[in-house]
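Here is the structure we will look at, set down as structure tokens.
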Amino acid sequence: MNNLATIFKEAFDIYFNAPLHVWETFAMHGDVIQTRKNQILKKHGEKEKYFYFMLKGSGGIMLYQNNNYLCIDLCYDGEFFGDYLSFLTHEVTDLEVICFEPCTLFSISRHHFSELAKTEYGRLICQMAAESLFIHKQTQQLNLLSKTAEQRYIEMLDKQPDVIQRTPNKYIASYLGITPESFSRIRKKIM
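In structure tokens form, the structure reads like this:
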């Protein structure tokens, strides 16, 4: 459990520097789970019961629309993961949460997340999680409106150099808002 607390502390010290015991308490509220490649953690049309932190692996948030999946977010090591909207509202959404490769996740239930939020540091952790997700989504929206798919892909490669090995091409293309054929052309141009 101490190793897990150290991982959390290192990941979040850039946001706020909490003592290690705070992260030890946080770690006690959840479980480390292992997933298989292509395992679905939450299906569309269901409520999200858990909030995840990706310790190792990759995954995506898919929007089920017109009998098709659109990738609205990608997640890698050291990031929050899951259908946060459903988790907070406890409502059904059309989002599906899938692991692209075998993953190691920290999983916290709604009940334990609520209990954690009742403590001083727990509130800070919950607030930090919400702010982190908001910043991520807002940046993503701004990039979609102001940058080309090629520019967004280059930035993605800067942050996740092995994205091609860890994420199916069809989901990268969908995330970028382009067809797989257009994505193939961008990849060839950049190589």
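The sequence shown begins at 40 in my numbering and counts up by one.
Glycine included, each C-beta is placed from N, C-alpha and C at the ideal position.
Source: prediction; values computed, not measured.
- When rounded, the separation of the alpha-carbon atoms in Thr74 and Leu43 is 18 Å.
- When secondary structure is reduced to three states using DSSP, Asn105 falls in the coil class, being assigned neither helix nor strand.
- Cα atoms of Glu159 and Met167: separation of roughly 13 Å, rounded to the nearest angstrom.
- Closest in C-alpha terms to Gln204, from the list Lys76, Glu49, Leu155, comes Lys76.
- A check of alpha carbon separations from His129 across Leu196, Glu220, Lys48, Glu85 identifies Glu85 as the nearest.
- Secondary structure at Asp197: helix, using DSSP grouped into helix, strand and coil.
- Counting of Cβ neighbours within 10 angstroms places Phe173 among the exposed residues, the total staying below 16.
- Pairwise C-beta distances place the segment 146-166 in contact with the segment 80-95, as three or more of them are shorter than 8 Å.
- Rounded to the nearest whole angstrom, the C-alpha separation of Asp52 and Glu194 is 24 Å.
- Met101 is positioned such that its CB atom lies no closer than 9 Å to that of Gly117.
- If you check the CB distance, Gln177 and Leu113 do not come in under 9 Å.
- Between His83 and Leu134, the beta carbon gap of about 6 Å places them in contact (Cβ cut-off 8 Å).
- Around the beta-carbon of Val136, 16 or more other beta-carbon atoms lie within 10 Å, marking it buried.
- Counting only residues of its own chain and dropping the five nearest sequence neighbours on each side, Thr45 has a CB closer than 8 Å to the CB of Leu59, Trp62.
- In the DSSP assignment, Cys142 falls outside any alpha helix (DSSP H) and carries neither an H nor an E.
- When secondary structure is reduced to three states using DSSP, Glu170 falls in the helix class.
- Here Ile229 is not near Ile217, since their CB atoms are 9 Å or more apart.
- The continuous beta strand (DSSP E) containing Lys81 extends over residues 79-81.
- Where Glu118 is concerned, the enclosing beta strand (DSSP E) starts and stops at 118-120.
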